[in-house]
């Protein structure tokens, strides 16, 4: 069964304090790994898709990386507006269009 | 584009009542997904459609749940009869290329008392 585990469950940072979120996964052949951001009371917002080990993608202060067993979302010099829940999901080669999500990391960035 | 539109945003109902959640996907998107989000289990895929045809409904918890997509611009998720354990936030999402990520609606917060 495809599984996604995210850590930590919650993370509190000071503005400017860089850190990383972890997403460990087991999947029967990875088609893609997805990162989403979710603000309170809203639906998840797509950030990145990674397809193969070694791939990296960046967007503003966020950089996502991928290995064969896990993905990291690096946050460089975060700002309070980066506070949100970050969700990781995997799509298996045999899973058609199904995404299996982790339970997320709640990030709070204090000024 | 207005994005994926869901209604209602909030629904409070009594146990045993029928509940219907509605979704209008982004125009031109041929994939539509229904997800349920709870604190304990996170986001779970219930069912998805491609070109209005249900492709995978293995996530639908029980026969009490049913989903339809009568045309490309409208889908419903129905729960009959509803139970307190159905309380959750239900999201609809759509995309034209699932490998590039899906666009989610604002969700419907369902409370069954």
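Protein chains in written order, with this note's numbering: chain W, 1 to 111; chain D, 112 to 224.
Think of the CB as a built atom: it goes at the ideal place given N, C-alpha and C, for glycine as much as any other residue.
Shortest alpha-carbon distance to residue 197/D belongs to which of 210/D, 134/D, 147/D, 139/D? Stepping through the second chain from its first residue, residue 197/D is reached at position 86. When each option's Cα is compared against that of residue 197/D, the closest is 147/D.
Between residue 133/D and the rest of its own chain, which residues show a CB-CB distance below 6 Å, the 5 nearest in sequence each way excluded? For the purposes of this step, residue 133/D is taken as residue 22 along the second chain, with counting starting at 1. If we look at residue 133/D and ignore the five residues flanking it on each side, its Cβ neighbours are 118, 187.
Mind pulling the chain W residues with CB within less than 7 Å of residue 212/D? On the second chain, position 101 is the one that residue 212/D refers to. Simply 34, 46, 49.
CA-CA distance, residue 214/D and residue 168/D? Working through the second chain from its first residue, we reach residue 214/D at position 103. Working through the second chain from its first residue, we reach residue 168/D at position 57. Answer to the nearest angstrom: the Cα atoms are 20 Å apart.
Checking 8 Å against the spacing of the C-beta atoms, do residue 86/W and residue 13/W come in under that value? Taking the first residue of the first chain as position 1, residue 86/W is located at position 86. Taking the first residue of the first chain as position 1, residue 13/W is located at position 13. Result no, Cβ atoms of residue 86/W and residue 13/W do not sit closer than 8 Å.
For residue 159/D, decide whether its Cβ has a neighbour in chain W, counting only Cβ atoms nearer than 8 Å. Here residue 159/D is taken as the residue at index 48 of the second chain, counted from 1. Interface residue, yes.
Near residue 11/W, what residues of its chain come up, given a Cβ to Cβ distance below 8 Å and the 5 sequence neighbours on each side ignored? By 1-based counting over the first chain, the position of residue 11/W is 11. Here the set comprises 19, 21, 105, 106, 107, 108.
Going by the CB atoms, is the gap between residue 49/W and residue 204/D shorter than 8 Å? Taking the first residue of the second chain as position 1, residue 204/D is located at position 93. Taking the first residue of the first chain as position 1, residue 49/W is located at position 49. Going by C-beta atoms, residue 204/D is not nearer than 8 Å to residue 49/W.
Counting C-beta neighbours from all protein chains within 10 Å, is the total for residue 219/D 16 or more, i.e. buried, or is it exposed? Taking the first residue of the second chain as 1, we reach residue 219/D at position 108. Flag for residue 219/D reads buried.
Cβ shell of residue 93/W (< 8 Å), same chain only, five flanking positions each side left out: Translated into positions along the first chain, residue 93/W becomes position 93. Only 28, 29, 30, 31 meet the Cβ criterion.
Tell me the rounded alpha-carbon separation between residue 153/D and residue 4/W. As a working mapping, residue 153/D is identified with position 42 in the second chain. As a working mapping, residue 4/W is identified with position 4 in the first chain. Roughly 11 Å between the two C-alpha positions.
Length of the line joining the Cα atoms of residue 139/D and residue 174/D: For the purposes of this step, residue 139/D is taken as the residue at position 28 of the second chain. For the purposes of this step, residue 174/D is taken as the residue at position 63 of the second chain. Cα to Cα, residue 139/D sits roughly 30 Å from residue 174/D.
Measure from the C-beta of residue 31/W to each C-beta in chain D and report whether the shortest distance is under 8 Å. Here the question's residue 31/W lines up with position 31 in the first chain. True, the Cβ-Cβ gap to chain D drops below 8 Å.
Please list the terminal residues of the continuous beta strand (DSSP E) segment that includes residue 7/W. One-based indexing of the first chain puts residue 7/W at position 7. Start and end: 3-7.
Within chain D, the residues that residue 59/W reaches when beta carbons sit closer than 8 Å: Reading the first chain from its first residue, position 59 is the one you call residue 59/W. Chain D residues near residue 59/W: none, gap ~13 Å exceeds 8 Å.
Can you pull out the residues from the stretch 130-146 of chain D whose beta carbon lies closer than 9 Å to at least one beta carbon of chain W? 142, 144, 146
Just the C-alpha distance for residue 44/W and residue 165/D, rounded to the nearest angstrom, thanks. On the first chain, position 44 is the one that residue 44/W refers to. On the second chain, position 54 is the one that residue 165/D refers to. One C-alpha to the other measures close to 23 Å.
Who are the Cβ neighbours of residue 208/D in its own chain at under 7 Å, not counting the five residues just before and after it? Here residue 208/D refers to the residue found at position 97 when the second chain is read from its first residue. Answer for residue 208/D: no residue qualifies.
In whole angstroms, give me the CA-to-CA distance for residue 52/W and residue 120/D. As a first step, residue 52/W must be located in the first chain, where it is residue number 52. As a first step, residue 120/D must be located in the second chain, where it is residue number 9. About 38 Å.
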